[in-house]
Every structure is written in C-alpha cells, then in structure tokens.
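*Asks:* Handing you a structure now.
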C-alpha cells in the first residue's frame, strides 16, 4: 500500500510555515500571553458597526457569499476613485499573493524581493517553483534602486516592494516610487504591498494610474481596520490582470460574514481615524520605553515599532525569548542586520504597562 505521489517540487519543500503563531507558542509554553504584541494585529479591534454587521450576517452563513464581492468592490472603488474592474478581493493579502504568484510564476521564473522582507511572499514563490533573487536592505529601508537593477539583471516576472515595510517599519515617499517606475523593466510587474498605508504620513502612497499594467497594489483589512481574523484584502490593478485572477482564485473563498464586516468597517471612517490616533500614541510610548532602557527605536510608519537592541542577532533573540518567558509575545526580523532588533506591535496602555515591566528584566537576562 502506497501513499500519494507528490511532485518533485513539493516533495523537496520543507513542511514549515513562515510564522509560528502565538496560539502555538501558548500551547508550547503552557500558558497564555499576558500581552499580545507580536503579530501587528490591531488590539483596538474592528469598528463596532463592523462587529454588528458580522453578527447580523452570521444568521445567513448557510448561504454562499457573493463570489463577485459586488458591494465591497463598489465601496472601495468609490473611495479610491477607480473603477470596479480595477479591484480584486481575496483572503487577505496573503491569499492574493498566492494567487498572483500562481498566475505569473512558472517553475524557474525569476522573482525579486528584499532579503528580510515579508517571508510569506517568498513562501508562495518557492511553493510554485519560482527562483528568488534578493537584495539587502539599505539603512533599514528596502533599496528601491537595487530592486529595480536586480529585476533588470534577471528579467524578473515580479518585483516585491512593501511601503511602509515590515519588519523595519520604514517607508519611502510616493514620489520616489513613482520615479522608480521609469527603471522597471518591460514585462516585470511591481507588486506594491501597502498593508500599513493607513498609518503612514501623507505623501507615502504614490499616485499611480490604476490602469497602469506595470503595477498591482495590495491593501488589507487586517491592520488599521482591526479584522485580521476575518481575512480580507484587496488589490488594485489594470483590468486585464484583475480579471485574470478569476482563472485561479477560490471564487467562494470569502465568507458572507467577512464581506459584511469589511463593508461596514470601510464605511466607518471615524473609527479608522480613532485607531490611527491610538496607534500613534502607542508608538510614542513604545519608543519612550525603549529609550528608557538604553535601546534605539527606529522611525515607524506602521502599527509597530522596531527597536534596535544595540548588539547582534543572538542578543536580540535572547531578549525576545526572555520577553516571551514573561508572557509578552513579540517578534523580530529574521535577517541580519535587521535581526539586531525586536518588533513590538502597538498595544493598549495595559499591554504596554506589561511590556514596560518585562523589558528591563529581559535585558538583564540577555546580558548574563
């Protein structure tokens, strides 16, 4: 008796995931976290109107969702000033990344990203047999010029750029991205991940025609809108590319509950403004706590602060481990020199009180 016959590509892949979730870590440590500050979720939660809409929709969950995401697409298109055929809805940016890579990347095709950038994108590229080419960060920023140069060198199918970026929290001006398009090679698609754009300063989002076939922009309801568990993201791009998603996407991947919640959240601009203000306050508090302990917070245009621990990756890992042992869930960049830092998500005052108490103990433990 034999089992399934895996393709060679799949058989050679590791059985691993990009992130170990906090729930897994809680089971491993045998206790819940006291402060959940590692996944860049919004601890401030979704709009109350979104919660009510999802509760109302729960009674209708015996029905399949509208596979065209009609109402949500129209709300986004009106707000963004684009046509409905410029928008694709999917199961978070992660889901859309998988669909895009499946659409464009055949085994062996070159793809360019930054070394240390969002690993889930890499996970999809490798899973479909693409070949990753990486360029280093420069001064804790993704290096746009180097990305474009590498894309030209290898004739990349896709070049990935996050703005603002995870894990460092840095950002480029929209004008710089617009200018960089002049160096984008023919046949290369710029994948612009704007998951944190709502937290960024004015001028961070570039002005790009939604019909420009060289670019797809991806945004999410997981961060500022506080709906990470609902799994809703959207992409903005040229109609031909957007329509192509219908060839590979799970047409019933969105639940009615998620659709209803996202639509209500998107329309509640007052709640969004309040969350953005609360995140700014939390970033300032995290920076103050870091400085009080002799550490260096990096400038951030996201809902987290990356804190330079002042030594190497081994020391930062020891700090992170000591924080987790005290019930504070945080994460850190994976790649040097970013791995000299830990990354703390914006939290409520009570969460940051716990972090403030735990950090000096963690530093003392790491320095032994």
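In full-length UniProt numbering, the protein residues as written are 1 to 368. Note that beta-carbon positions come from the ideal geometry of N, C-alpha and C, so glycine has one too. All values reported here derive from a predicted model rather than from experimental measurement.
1. Based on the DSSP secondary-structure assignment, which residues constitute the bridge partners of residue 306?
2. Leaving out five residues on either side along the sequence, give the residues of the same chain with a beta carbon under 7 angstroms from the beta carbon of residue 261.
3. Residue 113 by DSSP, collapsed to three states: which one?
4. Is residue 179 buried or exposed, if buried means 16 or more other CB atoms sit within 10 Å of its CB?
5. Mind checking whether residue 414 and residue 346 have CB atoms under 7 angstroms apart?
6. Could you tell me how far apart the beta carbons of residue 216 and residue 235 are, in whole angstroms, since I believe they sit closer than 8 angstroms?
7. Select from 214, 171, 181, 188 the residue whose C-alpha is nearest the C-alpha of residue 198.
8. Under the rule that 16 or more other beta-carbon atoms within 10 Å means buried, what is residue 98, buried or exposed?
9. Please confirm if the region 307–319 is in contact with the region 336–353, defined as three or more CB-CB distances below 8 angstroms between the two stretches.
10. Would you call the CB atoms of residue 104 and residue 157 closer than 7 angstroms?
11. I need the boundaries of the beta strand (DSSP E) containing residue 162, first residue and last residue.
12. Smallest Cα separation from residue 81: which of 330, 250, 285, 237?
13. If the criterion is Cβ atoms closer than 7 angstroms, does the pair residue 256 and residue 65 meet it?
14. Kindly confirm or deny that the region 181–197 and the region 327–339 touch, where touching means at least three C-beta pairs closer than 8 angstroms.
15. Under the assumption that residue 168 contacts residue 145 (Cβ atoms under 8 angstroms), give the Cβ distance between them as a whole number of angstroms.
16. Is the separation between the beta-carbon of residue 308 and that of residue 296 shorter than 7 angstroms?
17. Among all the DSSP beta bridges, which residues are the ones paired with residue 172?
18. Do residue 85 and residue 239 have their C-beta atoms within less than 7 angstroms of each other?
19. Return the residue from the list 249, 224, 285, 313 that minimises the CA-CA distance to residue 273.
20. Leaving out five residues on either side along the sequence, give the residues of the same chain with a beta carbon under 6 angstroms from the beta carbon of residue 43.
21. From the DSSP output, read off the bridge partner residues of residue 131.
22. From the DSSP output, in three-state form, read off residue 213 for me.
23. Return the chain-ordered ranges of every beta strand (DSSP E) run that is complete within the region 202–284 and spans a minimum of 3 residues.
24. Across which residues does DSSP place residue 328 in a beta bridge pair?
25. Under three-state DSSP, which class holds residue 56?
26. Return helix, strand or coil for residue 3, following the three-state DSSP convention.
27. Roughly how many angstroms separate the alpha carbons of residue 271 and residue 323, rounded to a whole number?
*Replies:* For this structure:
1. As a first step, residue 306 is located in the chain shown; it is residue number 306 there, counting from the start. Residue 306 pairs with 343.
2. Indexing the chain shown from 1 puts residue 261 at position 261. 46, 50, 53, 54, 227, 230, listed in sequence order.
3. Translated into the one-based positions of the chain shown, residue 113 becomes position 113. In the structure shown, residue 113 sits in a strand (DSSP, three-state: E or B).
4. Mapped onto the chain shown, residue 179 falls at position 179. It counts as exposed.
5. Missing from the structure shown is residue 414; the chain here goes from 1 to 368 and no further.
6. As a working note, residue 216 is residue 216 in the chain shown. As a working note, residue 235 is residue 235 in the chain shown. The pair is a contact, with the Cβ atoms about 5 angstroms apart (cut-off 8 angstroms).
7. To locate residue 198, count along the chain shown from 1; it is residue 198. With distances taken between Cα atoms, residue 198 lies closest to 171.
8. Locating residue 98 in the chain shown gives position 98, counting from the first residue. Residue 98 is buried by the Cβ-count criterion.
9. yes
10. Position 104 of the chain shown, counted from the start, is the residue given in the question as residue 104. Position 157 of the chain shown, counted from the start, is the residue given in the question as residue 157. For residue 104 and residue 157, yes; Cβs fall inside 7 angstroms.
11. Taking the first residue of the chain shown as position 1, residue 162 is located at position 162. Note, residue 162: beta strand (DSSP E), 158–162.
12. The residue labelled residue 81 in the question sits at position 81 within the chain shown. With distances taken between Cα atoms, residue 81 lies closest to 237.
13. By 1-based counting over the chain shown, the position of residue 256 is 256. By 1-based counting over the chain shown, the position of residue 65 is 65. With respect to residue 65, residue 256 sits close: the two C-beta atoms are nearer than 7 angstroms.
14. no
15. Position 168 of the chain shown, counted from the start, is the residue given in the question as residue 168. Position 145 of the chain shown, counted from the start, is the residue given in the question as residue 145. So it is not a contact: roughly 17 angstroms between Cβ atoms.
16. Start at 1 with the first residue of the chain shown, and residue 308 comes out as number 308. Start at 1 with the first residue of the chain shown, and residue 296 comes out as number 296. Cβ atoms of residue 308 and residue 296: closer than 7 angstroms.
17. Position 172 of the chain shown, counting from 1, holds the residue named residue 172. Per DSSP, none; premise fails for residue 172.
18. Counting from one through the chain shown, the residue named residue 85 turns up at place 85. Counting from one through the chain shown, the residue named residue 239 turns up at place 239. Yes. Within cutoff.
19. Working through the chain shown from its first residue, we reach residue 273 at position 273. Cα-wise, what sits closest to residue 273 is 224.
20. The residue given as residue 43 occupies position 43 in the chain shown. These residues qualify, in order along the chain: 347, 348.
21. Position 131 of the chain shown, counted from the first residue, corresponds to residue 131. Residue 131 pairs with 110.
22. As a working note, residue 213 is residue 213 in the chain shown. Residue 213: coil per DSSP, three-state reduction.
23. 215–220, 233–237
24. As a first step, residue 328 is located in the chain shown; it is residue number 328 there, counting from the start. In the DSSP assignment, residue 328 forms a beta bridge with 35.
25. On the chain shown, position 56 is the one that residue 56 refers to. Three-state result, residue 56: helix.
26. Residue mapping note: residue 3 aligns to position 3 of the chain shown, counting from 1. Residue 3: coil per DSSP, three-state reduction.
27. The count along the chain shown starts at 1 and reaches residue 271 at position 271. The count along the chain shown starts at 1 and reaches residue 323 at position 323. So the two alpha carbons sit approximately 31 angstroms from each other.
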